[in-house]
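This report concerns only the one structure given below.
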Amino acid sequence: MDEVDDDTVSAVEPDELALDVVLVVDALVVVVSVVDVRAPPDPPLPPVPGSAPSAQAKTDALATTVNGSKR
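In the numbering used here, the protein residues as written are 2 to 72.
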């Protein structure tokens with residue numbers, strides 16, 4: 002059998018492969034982190050005195066009149 006010279010073999014070293022995998026995983030974590038960061042939704046505005054009741058108040062009133070009691 003012919004002996005193989007180490008200089009002619011083109012193989013990826015295990016350390017280099019592990020480093021490549023770590024870099025790819027780190028890049029994915031950064032992308033997911035950036036995409037997942039969102040501004041929280043604005044809180045609902047307080048009702049203005051003397052204005053029409055909110056949709057939730059209307060729903061609560063309807064539930065009371067239909068069922069006889071609130072849940």
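Glycine residues also receive a C-beta, built at the ideal position from the N, C-alpha and C atoms.
Output the distance between the C-alpha atoms of residue i and residue j, rounded to the nearest integer angstrom.
i	j	result
residue 17	residue 24	10 Å
residue 19	residue 30	16 Å
residue 58	residue 27	48 Å
residue 62	residue 45	19 Å
residue 49	residue 22	57 Å
residue 60	residue 51	19 Å
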